[in-house]
Amino acid sequence: MITAGDFRNGVTFEMDGKVMQVVEFQHVKPGKGAAFVRTKMKNVITGAVTETSFNPTDKFENAQIDRRTMEYSYSDGSLYYFMDMETYELEPIDESVLGSNFKFVKENMSCVIHSYKGKVFNVEPPTFVDLEVTHTDPGFKGDTATNVTKPATLETGAEVKVPLFINIGDRIRIDTRVGEYLERSKG
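Note that my numbering numbers the sequence shown so that position 143 is 156, with each residue one more than the last.
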């Protein structure tokens, strides 16, 4: 059990059957009246953020979020299979759980699988991935001076905006959190 007075950033707890994570908190002691805890919290399953005030003595059940690193193996229809690197067991995960940033993941990449009471609710891809450009318009000499971009298709099928000097066959680094080009990859 955890009380609202013990809230800290990142703490997860169960409230009304939902798993919540504290994003921000503030202990408030007004001149008149009782103290309270102003909390901004996020539903870890849906991602919805709400703000609520609690009495510091309000009690909640701790919520233990399991995070396991697993390797993406393959997809079969709407199921994506991830391998536990310790037991070598495959775990199927439905496509609806995958975020939009999963389009940058290719086979054999490690991802962090988030689950609560055995139910997977999020698949976190690597923060940075190096991928090959499979299609883009050709670049021209002198195109490096401007900040103009063009669309490029990557080996996973994802499309990103890249500088004009990037060509087919180049390996580039992508930030999967925002889905943007960072730099050319070395090697």
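Ideal placement from N, C-alpha and C gives every residue a C-beta, glycine not left out. If you're wondering where the values come from, they're calculated on a predicted model, not measured in any experiment.
The alpha-carbon of Leu-167 is positioned some 12 angstroms away from that of Ile-179. Closest option to Lys-53, judged by alpha-carbon separation, among Ala-47, Glu-64, Gly-44 and Lys-45: Glu-64. Just so you know, the alpha carbons of Val-62 and Thr-100 end up roughly 36 angstroms apart.
By the beta-carbon neighbour count (other beta carbons within 10 angstroms, threshold 16), Met-14 is exposed. Counted as a single uninterrupted DSSP element, the stretch harbouring Lys-130 is not any beta strand (DSSP E), since DSSP gives it neither H nor E. Look at Ser-66 here: in three-state DSSP terms it is strand.
The beta-carbon distance between Leu-144 and Phe-117, rounded to whole angstroms, is 7 angstroms. This is short enough to meet the 8 angstroms contact definition. Using a C-beta cut-off of 8 angstroms, the segment 127-143 makes contact with the segment 73-88, since at least three inter-stretch Cβ pairs fall below that distance. In this structure Thr-147 does not touch Ile-185 by the C-beta definition: roughly 11 angstroms separates them, more than the 8 angstroms allowed. If you compare the alpha carbons of Asn-121, Val-175 and Phe-73 with that of Glu-196, the shortest gap goes to Val-175. The Cβ atoms of Pro-105 and Tyr-87 lie no closer than 7 angstroms to each other.
In the DSSP assignment, Met-33 forms a beta bridge with Phe-26 and Asn-56. Residue range 78-89 is occupied by the beta strand (DSSP E) that includes Met-83. Residue nearest to Phe-115 within the set Asn-121, Glu-137 and Glu-102 is Glu-137 (criterion: CA-CA distance).
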